[in-house]
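Residue numbers (the UniProt record's numbering): 1 to 233.
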């Protein structure tokens, strides 16, 4: 069976101006994409025009009770590990009739928590056989901010860590206890090099970046007696 097609119908399908072809060409190219860049996030105006005057920490008792003659090392954000460890290791290695302290406590809060842990790890590598007890808590910190309208006191809680290292055995059932670590002779030289790099890191960072506002608090005036969470004009 043969099908015959009229020349007029065939011409309608082949014509570039046919309705089918026009409908296809109208949707052939996708619409242009939007090139408008969203505006950047505006800077928070909360701290605009404010300057930190001072920062104080409320005194809190030591989490380790009953320590007799323990060496206390308070680690700050701007403290140098080389100076801290030079003093602490020398005291713990003292000889003589009385001998040096049998225990040392490293304490730090806020941004000094990481540096506090580093000091404790270096001490355990320098003096083997130390028992460790770690306590975590929060400490209240008060910051006084000054602006053109007056002063504002802000109180917040920051994390704090206290690490006790003892030559004498501690209670193994106490939460946070860690027994002495066994360091093989082949492992010690690599740790020595790691300690040297860690102790040199703060001095190298201090040359690359400007001092933080907290490290300049010693040059500012003493904290005024402003009541907590109040603003005075």
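All C-beta atoms, glycine included, are put in the ideal place defined by N, C-alpha and C.
For residue 114, the enclosing alpha helix (DSSP H) covers residues 113-126. Within 10 angstroms of the beta-carbon of residue 159 lie fewer than 16 other beta-carbons, which makes it exposed. If you draw a straight line from the Cα of residue 154 to the Cα of residue 163, it is about 28 Å long.
Taking a C-beta distance under 8 Å as the contact criterion, residue 107 and residue 144 do not qualify as a contact pair. Per DSSP, residue 74 is one residue of the beta strand (DSSP E) stretching across 71-74. With contacts defined as CB atoms closer than 8 Å, residue 101 and residue 120 fail to qualify as a contacting pair. In this structure residue 87 is exposed. Its beta-carbon is surrounded by fewer than 16 other beta-carbon atoms within 10 angstroms. Here the alpha carbons of residue 78 and residue 112 stand approximately 8 Å from one another.
Here residue 90 is not bridged, per DSSP, to any residue.
Under the DSSP assignment, residue 159 falls in the beta strand (DSSP E) whose first and last residues are 150-166. Assignment of residue 82 by DSSP, reduced to helix, strand and coil, places it in the helix class. Straight across, the Cα-Cα distance linking residue 174 with residue 115 is about 24 Å. For residue 91, the closest of 55, 150, 126, 132 by C-alpha to C-alpha distance is 126.
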